Amino acid sequence: MTASHSVLYIPSAFRSKREGRRNAVRIELDLPWEMWKTPLLFMLSLALIGLKLFPLLLVLPIFLLKAWRSDRYNCVIMLFILLGPFGMWSPDLFSIKTWDVGFALSLISVFILKKTPVTRKILVAYVCYVAAIVYVATYSSEAMSVQIRIMRGYLAFITVFIPIAIFANKDFDIMQFMRKMMVFVLIMCIFYILDAIVFKSLVFVPATHSSDLSTFFSPVFNPVSLWPIRKYPQGIIIIGVAIVPIVRYFRLKKWQIAVIAVAMLSTQTFSVIMAFVFSLILFQGSLAKVFRFAVLGAVGLAVLVAVDYVLPYDTQKKESSLRVRSSIDQFIALTDAVDDEDFAEFASGRVAQFLPILDLIERQHKELVGLGYLHPEHTKAADLIIFNEYHNDIEKAEGVATVVEIVPVQVFVDSGWAGIIINTVFFICIILFVRRMRYRSVAYAAITFCFICGLAGFAGSNTYQGMSIITMAYAVVLLADKQERKDAEKSGENQSHRRSLIA
Numbered sequence: 000m001t002a003s004h005s006v007l008y009i010p011s012a013f014r015s016k017r018e019g020r021r022n023a024v025r026i027e028l029d030l031p032w033e034m035w036k037t038p039l040l041f042m043l044s045l046a047l048i049g050l051k052l053f054p055l056l057l058v059l060p061i062f063l064l065k066a067w068r069s070d071r072y073n074c075v076i077m078l079f080i081l082l083g084p085f086g087m088w089s090p091d092l093f094s095i096k097t098w099d100v101g102f103a104l105s106l107i108s109v110f111i112l113k114k115t116p117v118t119r120k121i122l123v124a125y126v127c128y129v130a131a132i133v134y135v136a137t138y139s140s141e142a143m144s145v146q147i148r149i150m151r152g153y154l155a156f157i158t159v160f161i162p163i164a165i166f167a168n169k170d171f172d173i174m175q176f177m178r179k180m181m182v183f184v185l186i187m188c189i190f191y192i193l194d195a196i197v198f199k200s201l202v203f204v205p206a207t208h209s210s211d212l213s214t215f216f217s218p219v220f221n222p223v224s225l226w227p228i229r230k231y232p233q234g235i236i237i238i239g240v241a242i243v244p245i246v247r248y249f250r251l252k253k254w255q256i257a258v259i260a261v262a263m264l265s266t267q268t269f270s271v272i273m274a275f276v277f278s279l280i281l282f283q284g285s286l287a288k289v290f291r292f293a294v295l296g297a298v299g300l301a302v303l304v305a306v307d308y309v310l311p312y313d314t315q316k317k318e319s320s321l322r323v324r325s326s327i328d329q330f331i332a333l334t335d336a337v338d339d340e341d342f343a344e345f346a347s348g349r350v351a352q353f354l355p356i357l358d359l360i361e362r363q364h365k366e367l368v369g370l371g372y373l374h375p376e377h378t379k380a381a382d383l384i385i386f387n388e389y390h391n392d393i394e395k396a397e398g399v400a401t402v403v404e405i406v407p408v409q410v411f412v413d414s415g416w417a418g419i420i421i422n423t424v425f426f427i428c429i430i431l432f433v434r435r436m437r438y439r440s441v442a443y444a445a446i447t448f449c450f451i452c453g454l455a456g457f458a459g460s461n462t463y464q465g466m467s468i469i470t471m472a473y474a475v476v477l478l479a480d481k482q483e484r485k486d487a488e489k490s491g492e493n494q495s496h497r498r499s500l501i502a
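Sequential numbering of the sequence shown, starting at 0, is according to numbering that gives the first Met the number 0.
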């Protein structure tokens with residue numbers, strides 16, 4: 000092993016099953032400048048493409064081809080962000096969505112990949128899942144050609160085969176991968192800070208707000224403003240892949256911790272911040288650490304609430320500056336709710352989204368199979384249109400009975416109790432498939448993070464972005480386990496060879 004890679008090797012990282020979790024070796028997250036050059040240029044290129052500087056599309060194949068030849072870790076991560084595209088540009092920017100490219104690459108990967116016993120199980124479970132989802136969708140009055148537009152978010156787990164195919168005949172070092180992943184995470188966090196706090200802009204991560212359009216020749220920014228803008232978390236959610244490495248494998252430097260913390264706060268999205276913090280606490284690795292950090296988290300939350308009570312309150316939007324106080328106030332107000340109108344205000348008005356939809360489901364007796372995977376623009380059937388009396392904009396109150404920013408409720412609306420059961424069983428299966436693998440907590444943390452984010456409508460398991468975060472983490476666990484088995488086989492062969500020489 001070369002000197003440059005020696006820091007990645009963890010000798011006896013788990014000394015025994017009993018004491019291993021307490022004494023896992025953590026290494027300092029040292030990221031030399033050489034590791035930043037290509038990711039930074041790549042991310043800047045994505046930002047410029049998001050600003051509609053389309054000639055730079057020509058450089059993307061060059062980045063991917065070069066990474067394919069010299070650095071498969073960067074290749075996987077670049078493709079992951081490119082297909083997302085995690086706020087770097089709008090999925091509707093081109094006539095062909097990047098998500099569809101992801102599905103095409105996934106299908107190619109499935110066909111060319113040499114299957115292992117685990118990947119066969121995953122593929123069988125996935126095919127059964129797809130069949131069940133499609134079968135339930137046939138009970139909807141909406142055409143399947145329309146439903147598939149929304150359904151593909153649910154079916155995005157197939158992207159797990161892309162990283163596995165890229166590393167099919169290559170060695171895989173999980174610590175090397177995670178160091179590379181942290182570079183991209185930190186770049187995204189820096190972009191968030193620059194946009195939200197420095198330039199008050201949509202420049203470095205330009206597609207994080209659907210109502211504002213920023214272009215290269217007409218950028219949206221206001222650097223003279225005295226107050227940071229809210230930067231929606233579509234991009235920063237890639238951190239879901241790196242939660243376990245942050246708390247178990249690496250010792251982050253102070254500036255790295257500060258960058259992540261400030262970037263998270265810049266989202267002003269309480270639910271995503273809590274998803275990140277809760278996941279960090281839950282996957283500490285020991286009950287003592289979980290308890291200690293839970294106490295610290297509670298103290299930190301109290302401090303944020305106190306600070307938010309001091310900062311100005313937006314009475315028009317009914318939001319506090321950091322949106323922590325207003326989020327907590329909603330829970331307090333919920334105890335005083337006396338009717339549906341009061342209840343509708345809960346969760347930043349998200350409850351108002353589904354109250355009339357649930358009423359429609361009850362009237363049509365669709366509790367078991369739901370209304371189908373309805374598209375907010377392409378669905379036209381009269382029996383699937385509702386008037387939402389709780390909507391704060393009366394002009395937008397009439398529309399398709401879909402789009403709920405709480406994932407479990409959205410699953411129920413799309414496919415009823417049958418869909419809830421199908422999705423639950425599928426996730427239990429994929430969890431069980433890796434339950435004996437050493438780095439399984441990487442996948443578990445990503446699933447937990449995306450589930451909590453999904454309660455607020457971000458990165459849910461019914462979206463391509465949320466599912467791609469889960470599949471990236473899941474693929475890392477599978478690749479690391481495959482490498483360990485490969486190393487064990489080599490070690491056994493070497494020992495057998497030595498014994499034969501001695502004999």
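All C-beta atoms, glycine included, are put in the ideal place defined by N, C-alpha and C. As the structure is a computational prediction, the values presented were derived from the model and not from experiment.
| Item | Value |
| --- | --- |
| Beta-ladder partner(s) of R362, from DSSP | Per DSSP, none; premise fails for R362. |
| Proximity winner among S270, F275, F249, Q267, relative to I238 (alpha-carbon distances) | F275 |
| Burial state of H4, where buried means 16 or more other Cβ atoms lie within 10 Å | For H4, the pLDDT reaches just 40, beneath the cut-off of 50, and the residue's location in the model is therefore unreliable, although a value from the coordinates is still provided. Exposed, by the Cβ-count rule. |
| Cβ neighbours of A262 in the same chain (closer than 7 Å, five flanking residues each side left out) | C188, Y191, I192, I235 |
| Inter-residue spacing [alpha-carbon to alpha-carbon] between L59 and M150 | 28 Å |
| Three-way DSSP call (helix, strand, coil) for N22 in this model | For N22, the predicted model reports a pLDDT of 43, less than 50, meaning its position is unreliable; a value from the coordinates is still stated below. Coil, per DSSP. |
| Own chain partners of W88 with C-beta closer than 8 Å, once the 5 adjacent residues on each side are dropped | L45, I48, G49, P205, A206 |
| Helix, strand or coil at E488 according to DSSP, with G and I counted as helix | helix |
| Complete runs of the beta strand (DSSP E) confined to the segment 112–152 [at least 3 residues] | none |
| CB of V109 within 8 Å of CB of L122, strictly | yes |
| Alpha-carbon spacing of S200 relative to V117, whole angstroms | 45 Å |
| Identity of the residue in F292, N73, V219, T158 nearest F41 by Cα | N73 |
| Contacting residues, own chain, Cβ-Cβ under 8 Å from E18 (five flanking each side not counted) | Any reading at E18 must be qualified, since the residue scores a pLDDT of 37, below 50, and its modelled position is unreliable; the value itself is stated next. Excluding positions up to five away in sequence, the list is empty. |
| Rounded straight-line distance, which links the Cα of A444 to that of S278 | 6 Å |
| Residue interval of the beta strand (DSSP E) (run including V399) | 397–399 |
| Per-residue burial, L310 [other beta carbons within 10 Å of its own, 16 or more giving buried] | exposed |
| Residues of its chain near F410, where Cβ-Cβ distance is below 7 Å and the 5 sequence neighbours each way are ignored | The question names Phe, but residue 410 is Val in the sequence shown. Around V410: G418, I419, N422, N461. |
| 8 Å Cβ cutoff met for I165 and S105 | no |
| Proximity below 8 Å, CB of V243 to CB of V441 | yes |
| Assigned secondary structure, V337 (DSSP; H/G/I helix, E/B strand, else coil) | With a pLDDT of 46 at V337, under the threshold of 50, the modelled position of that residue is not reliable, and no figure is offered here. |
| Span of the beta strand (DSSP E), counted from its first residue to its last, around F183 | Careful: F183 lies outside any beta strand (DSSP E), inside the alpha helix (DSSP H) at 173–192. |
| Cβ-Cβ distance between L78 and L63 below 8 Å | yes |
| I429 and A124 closer than 8 Å at C-beta | yes |
| Buried or exposed by the 16-neighbour rule on C-beta atoms within 10 Å, applied to T268 | buried |
| Residue environment, S490, which counts as buried when at least 16 other CB atoms sit within 10 Å | exposed |
| Residue of E141, F292, G415, Q255 minimising C-alpha distance to H377 | E141 |
| E483 to D211 span [Cα, whole Å] | 48 Å |
| Local conformation of R434 per DSSP, three classes | coil |
| Contact set for L367: own chain, Cβ-Cβ below 8 Å, skip 5 residues either direction | G415, W416, A417 |
| CB contact flag (I26, R362, <8 Å) | no |
| Cutoff 8 Å; reference L28; Cβ partners in own chain excluding five residues on either side | R178, M181, F249, R250, L251, K252, Q255 |
| A381 and P162 closer than 8 Å at C-beta | no |
| Cβ neighbour criterion (16 or more within 10 Å) applied to A195 | buried |
| Beta carbon of A400 nearer than 8 Å to that of L431 | no |
| Residues that DSSP places opposite S94 in a beta bridge | S94 is not bridged to any residue. |
| Whole-number beta carbon distance between A155 and M466, since they are thought to touch under 8 Å | 4 Å |
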